[in-house]
RNA sequence: GGACGGGUGGGUGAGUGGCUAAAACCAGCAGACUGUAAAUCUGCCGCUCCUUGCGGGCUACGAAGGUUCGAAUCCUUCCCCGUCCA
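Numbering (the working numbering), first residue to last: 2 to 453.
Have a look at this one:
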């Protein structure tokens, strides 16, 4: 059971890579030293609420940090917040989130694990569900728990503060807008009136209940994204209330999404799901702004020292590493660097062969503007001449017929490399044959006409 | 419980009886440009039908009714949200 730990300094260097904040680093060092001496691994946990069936690259940042602890021989605890997901984490929410039903949560939890183990070592991971203990809580225990924290402290958190203020601000702005109704409003200077928001009581409970996870797991370290800092700190405080040593909290930066400005999230659509196809993952990574590459290398790969050298990064994840710097240091074309990054990421989720293939495909499709080697095939029966718009629609390359017609008018549609711009154009499908239908840059379908 | 204020397309948000499938902006999509991108420029951006036309039909401004030749706009009831007072 006693692991062979690497020297503390070496562990620390690896574990610190890419982190946003460690509270506190000296405590972490002390715990590592103790574990090094006693041979007892640290218990490091990451709690995740299964609020959606898929995880995306943004989630993998913190997951990867958990893996790093695992790599160093510590115990990784992956906690599924099947109970807390039903409450809903108010973090980063400008509005109350609708609680999930138990069924939804269970369904999501199931799909999570497969995905998580693409990063974590399945055999070495302790998987827990917080319903194990939270389900059994009595109301008495909940009240007691609530007695250990105060309302002002809870309301300190930014999410709540802004929401609380939004209501008042809203009212005020409305009033002044009314007072000035005779004055011509200047649309360029008048700031938009904020929608009012509220806070539900259950949202206050979220950090407290999840703190019991930390108590139950007797964690040495808890990981989370920077936006989780408040929650992690509450957990640390409550652990002490329950007679434990407060855990070390490590936060990871929020991954910026494909658009290069907002955080990666499903609702913003600027995400890469880890269950997506190699082609899609590769394509999406290639579409990130160059300025994001350094972050992605740091947060989405295990490379450490090499990355810092590559980008000449002094601090942690570096916005300071401009594309220009990268260029200079690497003396390589940014596109090549990006392709390498994309390949590495695909490899993580689909294996080396898939990564290589995705790279080759990308070359074909974008550099050579050719159809990829593997195009999804759709079979159609022979029939009367069919309008191109109809084909685009039934192959689902466009969500509606109107959209299909628009795309044709805009010159986005090609058949076997021949652009189609006349929406009246028909295709002969009277005898068995096949052709490639292309819409936009990346959507292809090989249509195979079959008799009968 | 009371007094006010509000709910418009994916988002923000104009619009107070016809000119409104609904300004503007953002997002999105397509084309051009390029090193994949980004930026920029151009176009599109509810659904559907055909004779693809500044064409026809349908659906849409919290919900349901009503007034009107005509309603996102007026009236009634209901639902939801916020502020203040209790």
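Glycine included, every Cβ here is placed at the ideal spot set by N, Cα and C.
| Check | Outcome |
| --- | --- |
| Beta-carbon spacing of residue 430, residue 384 below 7 Å | yes |
| Touching by the beta-carbon criterion (3+ pairs, under 8 Å), the segment 111-123 and the segment 56-69 | yes |
| Neighbour-count burial assignment, residue 432, 16 or more Cβ in a 10 Å radius | exposed |
| Simplified DSSP state of residue 327, which is helix, strand or coil | Low confidence applies to residue 327: its pLDDT is 41, below 50, so where it sits in the model is not reliable, and the reading given next is rough at best. Correct three-state label for residue 327: helix. |
| Where the beta strand (DSSP E) containing residue 111 begins and where it ends | Counting along the chain, residue 111 falls outside any beta strand (DSSP E), though it belongs to the alpha helix (DSSP H) covering 103-117. |
| Residues near residue 246 in its chain [Cβ-Cβ closer than 8 Å; skip 5 each side] | 240 |
| Nearest residue (CA-CA) to residue 72, options 22, 12, 27 | 12 |
| Burial state of residue 20 (16 or more Cβ within 10 Å) | buried |
| Whether residue 222 touches residue 249 by CB criterion (7 Å) | yes |
| Residues near residue 54 by beta carbon distance below 6 Å, same chain, minus five either side | 109, 112 |
| Residue(s) in a DSSP beta bridge with residue 80 | 48, 129 |
| Where residue 57 sits in the DSSP three-state scheme | strand |
| Residues near residue 83 in its chain [Cβ-Cβ closer than 6 Å; skip 5 each side] | 106, 110, 130, 132 |
| Pair within 7 Å by beta-carbon distance, residue 26 and residue 252 | no |
| For residue 288 and residue 215, the rounded distance between their alpha carbons | 39 Å |
| Within 7 Å, strictly: CB atoms of residue 428 and residue 387 | yes |
| Contacts around residue 424, its chain only, beta-carbon distance under 6 Å, and the 5 residues preceding and following it disregarded | 390, 406, 409 |
| Residue 271 versus residue 234: straight-line alpha-carbon distance, rounded | 29 Å |
| Distance between residue 206 and residue 52 (C-alpha atoms, nearest Å) | 18 Å |
| Simplified DSSP assignment, three categories, for residue 43 | coil |
| Cβ pair residue 46, residue 201 closer than 7 Å | no |
| Local Cβ density within 10 Å of residue 352, reported as buried at 16 or more and exposed below that | exposed |
| Integer-rounded CB distance, given that residue 435 should sit under 8 Å from residue 448 | 6 Å |
| Reduced DSSP category for residue 187 - H, G, I as helix; E, B as strand; rest coil | Its pLDDT being 35, under 50, residue 187 is placed unreliably in this model, and the value from its coordinates should be taken loosely. Coil at residue 187, not helix or strand. |
| Cβ separation of residue 367 and residue 340, assumed to be a contact under 8 Å, to the nearest whole Å | Not a contact, Cβ separation roughly 10 Å. |
| Exposure label - residue 1; buried when at least 16 CB within 10 Å | With the chain covering only 2 through 453, there is no way to say anything about residue 1. |
| Counted within 10 angstroms of its Cβ, other Cβ atoms place residue 336 as buried (16 or more) or exposed | exposed |
| Supposed close pair residue 265, residue 58 - CB separation, criterion 8 Å | 6 Å |
| Simplified DSSP state of residue 253, which is helix, strand or coil | strand |
| Any non-hydrogen atom of the ligand COA closer than 6 Å to residue 139 Cβ | Ligands in the displayed structure: none, and consequently the ligand COA is not present. |
| From 411, 24, 210, residue whose alpha carbon lies closest to that of residue 144 | 210 |
| Cutoff 8 Å; reference residue 43; Cβ partners in own chain excluding five residues on either side | 32, 33, 36, 70, 75, 76, 221, 222 |
| Buried or exposed (CB count within 10 angstroms, at least 16 for buried), residue 298 | buried |
| Coil, strand or helix - residue 389 by DSSP | helix |
| Alpha-carbon to alpha-carbon, residue 158 and residue 152 | 11 Å |
| Helix, strand or coil at residue 443 [DSSP, three-state] | coil |
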